[in-house]
Amino acid sequence: MLSEIAFYGALETGLIYGLVAFGIYISFRVLDFPDLTVDGSFPLGAAVAAVLIIAGWNPWLATGMAVLAGMAAGAVTAILNVKLNILNLLASILTMIALYSVNLRIMGRPNLALLTEETVLTPWYNIEFLEYHQVSVVLFAIVAIISLILLWRFMKSETGLAMRATGANARMARAQGIATGGMIIFGVALSNGLVGLAGALFAQSQGAADVTMGVGVIVIGLASLIGGEAVITPSTVMRALVACVIGAIIYRLAIAFALNADVLGLQAQDLNLITAVLVTLAIVLPGVRTNLSNRLSRKKA
Amino acid sequence: MARKTLRTLLGASLLAAASLVQAEDTRVVAITQIVEHPALDSAHQGVKDELAEHGYIDGENLRLMHESAQGNSAIASQIARKFVGESPDVIVAIATPSAQTVAAAARKIPVVFSAVTDPVAAKLVKSWEAPGANITGVSDMLPIEKHIDLLQRVMPNAKKIGTVYNPGEANAVALIELLEERLNARGLKLIKGAATKTSEVLGAARSLVGKADAIYLTTDNTVISAAEAVVSVGERSNIPVFAADTATVSRGAVAALGFDYYKHGRQTGAMVVRILEGAETATMPAETMEELDLFVNPAAGERMGLTLSEDLIKDAKEVVNSDK
Numbered sequence: 011m012l013s014e015i016a017f018y019g020a021l022e023t024g025l026i027y028g029l030v031a032f033g034i035y036i037s038f039r040v041l042d043f044p045d046l047t048v049d050g051s052f053p054l055g056a057a058v059a060a061v062l063i064i065a066g067w068n069p070w071l072a073t074g075m076a077v078l079a080g081m082a083a084g085a086v087t088a089i090l091n092v093k094l095n096i097l098n099l100l101a102s103i104l105t106m107i108a109l110y111s112v113n114l115r116i117m118g119r120p121n122l123a124l125l126t127e128e129t130v131l132t133p134w135y136n137i138e139f140l141e142y143h144q145v146s147v148v149l150f151a152i153v154a155i156i157s158l159i160l161l162w163r164f165m166k167s168e169t170g171l172a173m174r175a176t177g178a179n180a181r182m183a184r185a186q187g188i189a190t191g192g193m194i195i196f197g198v199a200l201s202n203g204l205v206g207l208a209g210a211l212f213a214q215s216q217g218a219a220d221v222t223m224g225v226g227v228i229v230i231g232l233a234s235l236i237g238g239e240a241v242i243t244p245s246t247v248m249r250a251l252v253a254c255v256i257g258a259i260i261y262r263l264a265i266a267f268a269l270n271a272d273v274l275g276l277q278a279q280d281l282n283l284i285t286a287v288l289v290t291l292a293i294v295l296p297g298v299r300t301n302l303s304n305r306l307s308r309k310k311a
Numbered sequence: 496m497a498r499k500t501l502r503t504l505l506g507a508s509l510l511a512a513a514s515l516v517q518a519e520d521t522r523v524v525a526i527t528q529i530v531e532h533p534a535l536d537s538a539h540q541g542v543k544d545e546l547a548e549h550g551y552i553d554g555e556n557l558r559l560m561h562e563s564a565q566g567n568s569a570i571a572s573q574i575a576r577k578f579v580g581e582s583p584d585v586i587v588a589i590a591t592p593s594a595q596t597v598a599a600a601a602r603k604i605p606v607v608f609s610a611v612t613d614p615v616a617a618k619l620v621k622s623w624e625a626p627g628a629n630i631t632g633v634s635d636m637l638p639i640e641k642h643i644d645l646l647q648r649v650m651p652n653a654k655k656i657g658t659v660y661n662p663g664e665a666n667a668v669a670l671i672e673l674l675e676e677r678l679n680a681r682g683l684k685l686i687k688g689a690a691t692k693t694s695e696v697l698g699a700a701r702s703l704v705g706k707a708d709a710i711y712l713t714t715d716n717t718v719i720s721a722a723e724a725v726v727s728v729g730e731r732s733n734i735p736v737f738a739a740d741t742a743t744v745s746r747g748a749v750a751a752l753g754f755d756y757y758k759h760g761r762q763t764g765a766m767v768v769r770i771l772e773g774a775e776t777a778t779m780p781a782e783t784m785e786e787l788d789l790f791v792n793p794a795a796g797e798r799m800g801l802t803l804s805e806d807l808i809k810d811a812k813e814v815v816n817s818d819k
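In order, the protein sequences belong to chains V and R.
Under my numbering, the first sequence has 262 at position 252, and the numbering climbs by one with no breaks.
Under my numbering, the second sequence has 725 at position 230, and the numbering climbs by one with no breaks.
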């Protein structure tokens, strides 16, 4: 069964990936832009934060720079798409592979350790009523809630509405006088800024930034997004955002259980298969539910 | 229905907070590995075999846990939390990313790392000699000093040592810097040829002709992929080529003093055993590989104008005679 530390660990990683899911919600759901940049912007955020923290910056300031770096990466992808007419998926792949080299350049080597550095978490360890393994959960929950509220308010603002219109129907949006290209650039930048934030926080809680950190971030972010939507119907922006966080946490709890499921005969090497099954189920389940309710309501009628 | 599932899930995880109760004479060792990969897998096997040899048998008086993160750092983090939560006697962490995530999660549990090249740079230990906390282990850093010893044993008059390396490979650059420092300390000079791609290795090797008395290759991935190019230059210009890994000897290098990752795992396992028997991690120096295997290739030596001495060949674990 799950120990207390494993449980808090799942919450912590879930909250970080909740931020990734926010990012993927903006690109994938709001803008309908399949964006693989995240596999590069996640370690980019980690790299920028790590380098600046080691250089003696305030960790929050370093984290802020990581957000800006992520936004720049997202903007590059969107500009490749909007200005140079490169297919969105391809544009994001180009940025992603370029970021691998960029991240190596930023860090100077493949792995930068933060284990003994002052991070955003360090001051919290002195708080008396918090256990060591609870600190990151509390802090990341605060960050996730603030991000959620800011995003929610943004999505309801005029710019947010224009962005949603761009994703829903670009031609109609243009007819209404919305500069859709600018909206896509801003949206994808915002999305990757959130992913950069997640990368920066992850590196600080893990004690290191590593160039290989981004592998599979897009799949896990998507799994969290879709899984969350399966649990909470995303009928409003608020519900959709809450679904992102809940989905990310459920995904992490599922992994934690899978790691403990010796009883079921599951082993470490089965994890990738489990992920694929979870994502498939999460994609299929809402459809099944709609079909079922359709059939039920038809029967009633 | 979905909300009910969620509630059950959360409830179950809260209930699970109670940790497992262990039988008193059962020791628990947890092994976490960043990814499955032949070298890392043999290290894992080595740890298991060494434990078994010292009477720690999985399922009898030992509970051995093993998880691989399959290259995913978020899963590595969860594996670390899982292991810390079960408070085993020792956590073994294979490769740098795994070791760092365990270090971030474990406060008091002894951690032994394996296949970490530079534990000081990775901030796992304060210094090689005195780790200072709950972490120590075995590094797979090249035994550069012993390699230079071998080079000097074979070619006592060599003064200028050439090498080919990829300036874009972080590990390679770190090794080259170390090599230069150690060579300089002995009054030897390092002549560098840079190759950023395998196709540039031949040109870089040629640039050493007339400048170097011998060539030594580290474990630089780019260069080792094209080791034959360096060997061909060595044969044509009578510059003996030495390597850091034994596999390159059968590809035409004269000699190498290398280690295999299975033995690396055995050495890691030996540290685990000492901790299980009461040793303190804080005072256990981080180790490098002790058991090295000498591979020689006398035929390759002849082609590079070098006759290997009888006693060197006698010392070799393996004598390769590659003929072309």
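The beta-carbon is built from N, C-alpha and C at its ideal position, and this holds for glycine as well.
Point to revise | 7 Å Cβ cutoff met for Ala123(V) and Lys618(R) | key: Against the first sequence, residue 123(V) aligns to sequence position 113. Against the second sequence, residue 618(R) aligns to sequence position 123. Closer than 7 Å, so yes.
**Study point:** Per-residue burial, Ile236(V) [other beta carbons within 10 Å of its own, 16 or more giving buried]
**Key:** Here residue 236(V) is taken as the residue at index 226 of the first sequence, counted from 1. It counts as buried.
Check your understanding: Three or more beta-carbon pairs under 8 Å between the segment 670-684 of chain R and the segment 694-701 of chain R, yes or no?
Key -> No, the segment 670-684 of chain R does not touch the segment 694-701 of chain R.
**Study point:** Leu557(R) versus Ala16(V): straight-line alpha-carbon distance, rounded
**Key:** Position 62 of the second sequence, counted from the first residue, corresponds to residue 557(R). Position 6 of the first sequence, counted from the first residue, corresponds to residue 16(V). Using only the alpha carbons, I get a separation of about 22 Å.
Practice item. Check whether the Cβ atoms of Ile26(V) and Phe150(V) lie closer than 7 Å to each other. Key: On the first sequence, residue 26(V) is found 16 positions in, with the first residue counted as 1. On the first sequence, residue 150(V) is found 140 positions in, with the first residue counted as 1. Taking 7 Å as the Cβ cut-off, Ile26(V) and Phe150(V) qualify as a contacting pair.
Check your understanding: Can a CB atom of chain V be found closer than 7 Å to the CB of Ile568(R)?
Key -> The residue you call residue 568(R) lines up with position 73 of the second sequence. Strictly speaking, residue 568(R) in this sequence is Ser, with Ile absent from that position. It does; some Cβ of chain V falls within 7 Å.
Check your understanding: At least one CB of chain R closer than 7 Å to the CB of Asn121(V): is that the case?
Key -> As a working mapping, residue 121(V) is identified with position 111 in the first sequence. Asn121(V) counts as touching chain R.
Point to revise | Between the CA atoms of Val767(R) and Ile265(V) - distance to the nearest angstrom | key: The count along the first sequence starts at 1 and reaches residue 265(V) at position 255. The count along the second sequence starts at 1 and reaches residue 767(R) at position 272. Those two C-alpha atoms are separated by around 28 Å.
**Study point:** Assigned secondary structure, Val726(R) (DSSP; H/G/I helix, E/B strand, else coil)
**Key:** Position 231 of the second sequence, counting from 1, holds the residue named residue 726(R). It is helical.
Point to revise | Residue span of the alpha helix (DSSP H) that contains Glu22(V), given as start and end | key: Stepping through the first sequence from its first residue, residue 22(V) is reached at position 12. From DSSP, the alpha helix (DSSP H) with Glu22(V) extends over 14-34.
**Study point:** CB contact flag (Val205(V), Val30(V), <7 Å)
**Key:** The residue you call residue 205(V) lines up with position 195 of the first sequence. The residue you call residue 30(V) lines up with position 20 of the first sequence. Result yes, Cβ atoms of Val205(V) and Val30(V) sit closer than 7 Å.
Check your understanding: For Asp788(R), which beta-bridge partners are listed by DSSP?
Key -> Numbered from 1 along the second sequence, position 293 holds the residue referred to as residue 788(R). Gly753(R), per the DSSP bridge assignment.
Exercise for review: Identify the contact partners of Ile265(V) in chain R, using a Cβ-Cβ distance below 9 Å as the criterion.
Suggested key: Taking the first residue of the first sequence as 1, we reach residue 265(V) at position 255. Those within 9 Å of Ile265(V) in chain R are Ala569, Ile570, Gln573.
Practice item. Examine the Cβ distances between the segment 536-547 of chain R and the segment 756-773 of chain R and report whether three or more of them are shorter than 8 Å. Key: The segment 536-547 of chain R vs the segment 756-773 of chain R: in contact.
Point to revise | Proximal residues of chain V, C-beta to C-beta of Glu581(R) below 7 Å | key: Residue 581(R) sits at position 86 when you count from the first residue of the second sequence. Among the residues of chain V, those whose CB is under 7 Å from the CB of Glu581(R) are Ser13, following chain order.
Check your understanding: Within 10 angstroms of its Cβ, does Ser167(V) collect 16 or more other Cβ (buried), or is it exposed?
Key -> Looking up residue 167(V) in the first sequence gives position 157. Ser167(V) comes out exposed.
Check your understanding: Hey, is Asp220(V)'s beta-carbon within less than 7 Å of any beta-carbon in chain R?
Key -> Locating residue 220(V) in the first sequence gives position 210, where the first residue counts as 1. Taking Cβ atoms only, chain R reaches closer than 7 Å to Asp220(V), which makes this a yes.
Review point. Any idea what DSSP makes of Ala218(V), helix, strand or coil?
Key: Sequence index remark: in the first sequence, residue 218(V) carries index 208 (1-based). Under the three-state reduction of DSSP, Ala218(V) is assigned to strand.
Check your understanding: Taking C-alpha atoms, which residue in Leu12(V), Gly28(V), Thr290(V) lies nearest to Ile155(V)?
Key -> In the first sequence, counting from the first residue as 1, residue 155(V) sits at position 145. For the residues Leu12(V), Gly28(V), Thr290(V), the minimum Cα distance to Ile155(V) belongs to Gly28(V).
Point to revise | Residue(s) in a DSSP beta bridge with Tyr840(R) | key: Residue 840(R) lies beyond the range of chain R shown here (496 to 819); nothing can be said about it.
Point to revise | Rounded separation between Trp623(R) and Pro651(R) - CA only | key: The residue labelled residue 623(R) in the question sits at position 128 within the second sequence. The residue labelled residue 651(R) in the question sits at position 156 within the second sequence. Computed Cα separation, rounded: 30 Å.
Practice item. Please check the pair Gly566(R) and Ile529(R), which I expect to be a contact at CB under 8 Å, by giving their CB distance rounded to whole angstroms. Key: Indexing the second sequence from 1 puts residue 566(R) at position 71. Indexing the second sequence from 1 puts residue 529(R) at position 34. About 7 Å separates the CB atoms of Gly566(R) and Ile529(R); that is less than 8 Å, so the two are in contact.
Check your understanding: Around the C-beta of Phe754(R), are 16 or more other C-beta atoms found within 10 angstroms, so that it is buried, or is it exposed?
Key -> The residue labelled residue 754(R) in the question sits at position 259 within the second sequence. Buried, by the Cβ-count rule.
**Study point:** Nonlocal neighbours in the same chain, by C-beta distance under 8 Å from Ile570(R), ignoring five residues either side
**Key:** For the purposes of this step, residue 570(R) is identified with residue 75 of the second sequence, where counting begins at 1. Ala564, listed in sequence order.
**Study point:** Residues of the segment 189-222 of chain V with Cβ closer than 7 Å to any Cβ of chain R, in chain order
**Key:** Ser215, Gln216, Gly217, Ala218, Asp220, Thr222
Point to revise | Host alpha helix (DSSP H) of Ser572(R) (start-end) | key: As a working mapping, residue 572(R) is identified with position 77 in the second sequence. From DSSP, the alpha helix (DSSP H) with Ser572(R) extends over 568-580.
Point to revise | Test: Ala233(V) CB closer than 7 Å to a CB of chain B | key: In the structure shown, chain B does not exist; the protein chains are V and R.
Exercise for review: Can you tell me the Cβ-Cβ gap for Gln214(V) and Ala59(V), rounded? I've got them flagged as a contact below 8 Å.
Suggested key: Here residue 214(V) refers to the residue found at position 204 when the first sequence is read from its first residue. Here residue 59(V) refers to the residue found at position 49 when the first sequence is read from its first residue. Gln214(V) to Ala59(V), Cβ: 7 Å. Contact.
**Study point:** Own chain residues within Cβ distance below 6 Å of His549(R), not counting five before or after
**Key:** As a working mapping, residue 549(R) is identified with position 54 in the second sequence. Contacts found: Val768.
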